[in-house]
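Chemist:
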Amino acid sequence: MDFFKRKFPILVVFVVGLLMIIAYYVPHKPFNQFEGGASMWYMIIRSFALVLAFTSLIRSHYLKIREGKLGWGYSLVMFLALIVTTVFGVLPYGKNNLFGTRSGTIYMWIFDYVNTPAAATVFSLLAFYIASAAYRAFRVRTIDATIMLIIAIIVMIGRVPWGEMFSEFMTSKISHHLVFIRLDRLTSFLLNYPTVAARRAVYIGIALATVSTSLRVILGVERTYMGSDE
Amino acid sequence: MKQYQHLYQHLLCACVLCWVFIMMPGMGGCPKDIEIIPPTDFKTMDTPSDAGGTLLLTWSRMPYDSPEIKYIIYRSESRDGPTTEVERLASDKNFASQMTQYFGFSRKNRNTHAYKVQPIWKMKTVGRRGTDGMWQESQERDYSVMTYFRIGVTDGKAIVMSPTVPSGVPVANWFRQDRANGLIILVAMFLFLIYYISMAQRNPNMFLRKIPGIDAVDEAVGRATEMGKPILYSTGYYDITELSTICSVNILAHVAKKVAQYDSRLIVPSKWPVAMTVCQEVVREAYINAGRPDAFNPNDIYFIAGEQYSYTIGVDSIMVRERPAANFFLGTFAAEALILAETGASTGAIQISGTDSIYQIPFFVVACDYCLIGEELYAASAYLARNPRLVGSLKSQDAGKLLLFLAFIIGTIMVTLGAFYPESEIFQVIRNFLTVR
Numbered sequence: 001m002d003f004f005k006r007k008f009p010i011l012v013v014f015v016v017g018l019l020m021i022i023a024y025y026v027p028h029k030p031f032n033q034f035e036g037g038a039s040m041w042y043m044i045i046r047s048f049a050l051v052l053a054f055t056s057l058i059r060s061h062y063l064k065i066r067e068g069k070l071g072w073g074y075s076l077v078m079f080l081a082l083i084v085t086t087v088f089g090v091l092p093y094g095k096n097n098l099f100g101t102r103s104g105t106i107y108m109w110i111f112d113y114v115n116t117p118a119a120a121t122v123f124s125l126l127a128f129y130i131a132s133a134a135y136r137a138f139r140v141r142t143i144d145a146t147i148m149l150i151i152a153i154i155v156m157i158g159r160v161p162w163g164e165m166f167s168e169f170m171t172s173k174i175s176h177h178l179v180f181i182r183l184d185r186l187t188s189f190l191l192n193y194p195t196v197a198a199r200r201a202v203y204i205g206i207a208l209a210t211v212s213t214s215l216r217v218i219l220g221v222e223r224t225y226m227g228s229d230e
Numbered sequence: 231m232k233q234y235q236h237l238y239q240h241l242l243c244a245c246v247l248c249w250v251f252i253m254m255p256g257m258g259g260c261p262k263d264i265e266i267i268p269p270t271d272f273k274t275m276d277t278p279s280d281a282g283g284t285l286l287l288t289w290s291r292m293p294y295d296s297p298e299i300k301y302i303i304y305r306s307e308s309r310d311g312p313t314t315e316v317e318r319l320a321s322d323k324n325f326a327s328q329m330t331q332y333f334g335f336s337r338k339n340r341n342t343h344a345y346k347v348q349p350i351w352k353m354k355t356v357g358r359r360g361t362d363g364m365w366q367e368s369q370e371r372d373y374s375v376m377t378y379f380r381i382g383v384t385d386g387k388a389i390v391m392s393p394t395v396p397s398g399v400p401v402a403n404w405f406r407q408d409r410a411n412g413l414i415i416l417v418a419m420f421l422f423l424i425y426y427i428s429m430a431q432r433n434p435n436m437f438l439r440k441i442p443g444i445d446a447v448d449e450a451v452g453r454a455t456e457m458g459k460p461i462l463y464s465t466g467y468y469d470i471t472e473l474s475t476i477c478s479v480n481i482l483a484h485v486a487k488k489v490a491q492y493d494s495r496l497i498v499p500s501k502w503p504v505a506m507t508v509c510q511e512v513v514r515e516a517y518i519n520a521g522r523p524d525a526f527n528p529n530d531i532y533f534i535a536g537e538q539y540s541y542t543i544g545v546d547s548i549m550v551r552e553r554p555a556a557n558f559f560l561g562t563f564a565a566e567a568l569i570l571a572e573t574g575a576s577t578g579a580i581q582i583s584g585t586d587s588i589y590q591i592p593f594f595v596v597a598c599d600y601c602l603i604g605e606e607l608y609a610a611s612a613y614l615a616r617n618p619r620l621v622g623s624l625k626s627q628d629a630g631k632l633l634l635f636l637a638f639i640i641g642t643i644m645v646t647l648g649a650f651y652p653e654s655e656i657f658q659v660i661r662n663f664l665t666v667r
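Protein chains in written order, with our numbering: chain A, 1 to 230; chain B, 231 to 667.
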């Protein structure tokens, strides 16, 4: 029993991981078909897991209603939406254009005029959250925050037409020696060199960590995902 | 004297016009006086390092090459069979020197045209797909047949065909030569891993750089226990197929064990069915390992929605209604990162985040108390476990960094020298080897 619970999964991970590494370097059959095959296996497993997820969704909302938890009314809305979309989406397409998932059906109407605007609304919240996050980040408390504030001001002004016009005015009308404060060029420099350098450092770290973690998992050194690090 | 002045002016104009007429064809790149003859040395070759999907066509650079002159590639199933036009190419472009991954850096490549071409494929029906009663057959490539190629050249008026009709069938190769550099890194990392694991087993107290975000896990779980409030854990936007989600699940195992020991409550809302199932199993195992299997509640690890913003709002609603004392956002996140983190911050929860999505890191840094940046997310599980094998594997990562650092120095020198000595092949070859594909 311990073999199937502990050793067999590690063996499966090792064999599949090794095959996927080989497939990355060998474009010949049958190795080049592994990736597609693995994706198909994943889709099959996911289809089965979808039943579990559906059960979980029903159970969690049912418990909320039964226990009268805060916001239980929204769970009722969820059940209503689930029933309506399932009925209109799954029932076979007829001449009346009511059922099915084609354009013009009730299912697509719900998707276009309820789901999409709701998602867009949530996404729009981001603008306000960015403002509040920026306020918190740019409060001048430390030297680091001050540097970040100055850089942010340069980049923000440099990225709008007004910044370019201001820079143009300073260099052409006042003095050519003020070329060093051309905010548009300074912004390009900041975005193209220091930012890219920092970003690449993070990318390289992630790439190496990916290789290292993959090897840990494939070789069975990392077993925490099985609930044990022993 | 004035009449001679006019004569001089006329003579000067005539000379300038003559010079312009004589030199213009050469200046404009339009060799109108050069006869258009069929391209020579027209050949096919298999594309190296591929799965057998394409062929390479090569032919010599011709004296009339210019933007106005076009090469036309045709293909057919038989030597004398009907041909179909594949592509029209400007004759001053598409040189072998631009395809260094296939032809290397030889100087003669500048005098050879090259073009990657598809052979003729036989298709097969692989299934039928239907939506709302409308069925469509889906086809995919079965095998490629012997394909014959012809090349013609045209100045827009007439087409001159080459008599040569090369043919070929693509062959699948056994090794991706262009990825050899990656293989070397992989083998080196493997060797480093073995070496440092053996080192760590001999010396279990190897130094590890502190990760404040991970050290704060105890603090966060303890705070939630003291306040009698739950802990929220999100594994991110992607499914278990992403390595970052696997790493997040690994950290979840440690967090769940702590939660079980402190007798607190852990909520794991999930966006993916498979990730949800894995999380349930991992948390169950963690509770068993902590000796508290009775405290495990599978109803606290549940599926919310598969859609991005539905999931976001679902998690936000948990934070607003249940008021968790600690929020963990570990994994790959997209636009929802700031919405989640800001909502969590507004509820006053201690927040620990970690992501490898470079564009979300600043948001998490700003809105959370602790943030694991990039590779720290991958290292966190090993850091928490303090197992000699895992600690050794972290040290191997540092050795890999040193190796890459050396590659950067060599690459920088090669690029610099290559700019000074563009004719030298060796600098280009080393630079090409260090290029990631």
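Ideal Cβ positions, reconstructed from N, Cα and C, are used throughout, including at glycine.
How would you label Phe558/B, buried or exposed, when you count the other beta carbons within 10 angstroms and need 16 or more for buried?
Modeler: It counts as buried.
Chemist: Can you check the stretch 390 to 453 of chain B for any alpha helix (DSSP H) of at least 4 residues that lies completely inside it and give the ranges in chain order?
Modeler: Those alpha helix (DSSP H) runs which fall completely within the stretch 390 to 453 of chain B and span 4+ residues are 410 to 432.
Chemist: Using C-beta distances below 8 angstroms, list every residue in its chain close to Ile441/B, excluding the 5 sequence neighbours before and after it, in chain order.
Modeler: Correct list, in chain order: Leu602, Glu606, Ala609, Ala610 and Tyr613.
Chemist: Please give the ranges of any beta strand (DSSP E) in the stretch 82 to 153 of chain A, keeping only runs that are unbroken, at least 3 residues long and fully inside the region.
Modeler: Within the stretch 82 to 153 of chain A, no complete beta strand (DSSP E) run reaches 3 residues.
Chemist: Starting from Ser175/A, trace the alpha helix (DSSP H) in both directions and tell me its first and last residue.
Modeler: Neither: Ser175/A is in no alpha helix (DSSP H) and is coded neither H nor E.
Chemist: Kindly indicate which residue of Glu307/B, Gln348/B and Tyr467/B has the alpha-carbon position closest to the one of Val504/B.
Modeler: Out of Glu307/B, Gln348/B and Tyr467/B, Tyr467/B has the C-alpha closest to the C-alpha of Val504/B.
Chemist: Taking the straight line between their C-alpha atoms, what separation do you get for Gly357/B and Arg371/B?
Modeler: Going from the Cα of Gly357/B to the Cα of Arg371/B covers about 13 angstroms.
Chemist: By the DSSP assignment, the alpha helix (DSSP H) with Thr195/A in it spans what residues?
Modeler: Unbroken alpha helix (DSSP H) run through Thr195/A: Pro194 to Ile218.
Chemist: Can you grab the Cα-Cα spacing for the pair Phe657/B / Trp365/B, in whole Å?
Modeler: Approximately 57 angstroms, taken between the alpha carbons.
Chemist: Thinking C-beta only, is Gly544/B closer than 7 angstroms to Ala535/B?
Modeler: Contact flag set, yes.
Chemist: Please tell me whether Ser321/B and Tyr345/B are closer than 7 angstroms, where the distance is taken between their beta carbons.
Modeler: No, the Cβ-Cβ distance between Ser321/B and Tyr345/B is not below 7 angstroms.
Chemist: Where Leu57/A and Met275/B are concerned, what is the direct C-alpha to C-alpha distance, given to the nearest angstrom?
Modeler: Approximately 57 angstroms between the Cα atoms of the pair.
Chemist: At the level of alpha carbons, what is the spacing between Gly158/A and Glu164/A?
Modeler: Those two C-alpha atoms are separated by around 6 angstroms.
Chemist: What's the call for Leu11/A, buried or exposed, on a 16-neighbour Cβ count within 10 Å?
Modeler: Result: exposed.
Chemist: Which residues in chain A have a C-beta closer than 9 angstroms to the C-beta of Ile588/B? List them in chain order.
Modeler: Ordered by position in chain A, the residues that pass the 9 angstroms Cβ test against Ile588/B are Arg199, Val202, Tyr203 and Ile206.
Chemist: Let me see if you follow: with CB-CB separation under 7 angstroms, is Ile461/B close to chain A or not?
Modeler: For Ile461/B, the answer is no, since every Cβ of chain A falls outside 7 angstroms of its Cβ.
Chemist: If you check the beta carbons only, do Ile582/B and Ala418/B fall under 7 angstroms apart?
Modeler: Cβ distance not < 7 angstroms, so Ile582/B and Ala418/B don't count as in contact.
Chemist: So with Cβ pairs under 7 angstroms, would you call Leu215/A a contact of chain B?
Modeler: By this cut-off, Leu215/A is an interface position.
Chemist: Any chance the stretch 71 to 83 of chain A sits against the stretch 42 to 53 of chain A, with 3 or more Cβ pairs inside 8 angstroms?
Modeler: As far as the Cβ criterion goes, the stretch 71 to 83 of chain A does not touch the stretch 42 to 53 of chain A, which means the pair count is below three.
Chemist: Express the C-alpha separation of Leu208/A and Ala516/B in angstroms, rounding to a whole number.
Modeler: Using only the alpha carbons, I get a separation of about 28 angstroms.
Chemist: In chain A, which residues lie with their C-beta within 9 angstroms of the C-beta of Arg340/B?
Modeler: Neighbours of Arg340/B on chain A: none; closest Cβ ~29 angstroms, over 9 angstroms.
Chemist: Could one say the Cβ of Gly604/B lies closer than 7 angstroms to chain A's Cβ atoms, at least one of them?
Modeler: Yes, Gly604/B counts as interfacial toward chain A.
Chemist: Going by the DSSP bridge assignment, what does Thr314/B pair with across the sheet?
Modeler: DSSP lists Arg305/B as partners of Thr314/B.
Chemist: According to a CB-to-CB cut-off of less than 7 angstroms, which residues of the stretch 49 to 65 of chain A neighbour chain B?
Modeler: Those residues of the stretch 49 to 65 of chain A that come within reach of chain B (Cβ to Cβ, closer than 7 angstroms) are Ala49, Leu50, Leu52, Ala53, Ser56, Leu57, Arg59, Ser60 and Leu63.
Chemist: In its own chain, which residues sit with a C-beta less than 8 angstroms from the C-beta of Thr216/B, not counting the 5 before and 5 after it?
Modeler: The first residue shown for chain B is 231 and the last is 667, placing residue 216/B beyond what the model contains.
Chemist: Run through the DSSP bridge pairs and tell me what Cys601/B is partnered with.
Modeler: Answer is Ser583/B.
Chemist: Using CA atoms only, rank isn't needed, just tell me which of Thr284/B, Ser478/B and Thr577/B is closest to Val512/B.
Modeler: Val512/B has its Cα closest to that of Ser478/B, out of Thr284/B, Ser478/B and Thr577/B.
Chemist: Using a Cβ-Cβ distance cut-off of 7 angstroms, determine whether Asn32/A contacts chain B.
Modeler: So yes, Asn32/A belongs to the interface.
Chemist: Given a threshold of 16 other Cβ atoms within 10 Å of its Cβ, counted over all protein chains shown, does Pro297/B qualify as buried or as exposed?
Modeler: Exposed is the call here.
Chemist: Name the residues in the stretch 274 to 286 of chain B whose C-beta lies less than 8 angstroms from a C-beta of chain A; which are they?
Modeler: The residues in question are Ser279, Asp280, Ala281 and Gly282.
Chemist: Name the chain A residues that come within less than 8 angstroms of Cys477/B, Cβ to Cβ?
Modeler: Ordered by position in chain A, the residues that pass the 8 angstroms Cβ test against Cys477/B are Thr213.
Chemist: Pull out every residue of the stretch 1 to 34 of chain A whose Cβ sits closer than 8 angstroms to any Cβ of chain B, in chain order.
Modeler: Of all residues in the stretch 1 to 34 of chain A, Ile21, Tyr24, Tyr25, Val26, Pro27, His28, Lys29 and Asn32 have a Cβ within less than 8 angstroms of some Cβ in chain B.
Chemist: Give me the residue from Ala486/B, Thr542/B and Gln538/B with the minimum Cα distance to Asn519/B.
Modeler: Ranking the options by Cα distance to Asn519/B, first place goes to Ala486/B.
Chemist: By the three-class DSSP mapping on this structure, what secondary structure does Gln366/B have?
Modeler: Three-state result, Gln366/B: strand.
Chemist: Got a sec, what are the start and stop residues for the alpha helix (DSSP H) Asn662/B sits in?
Modeler: Residues Glu655 to Phe663.
Chemist: Alpha helix (DSSP H) containing Ser56/A: first to last residue?
Modeler: Counting along the chain, the alpha helix (DSSP H) containing Ser56/A begins and ends at Phe34 to Glu67.
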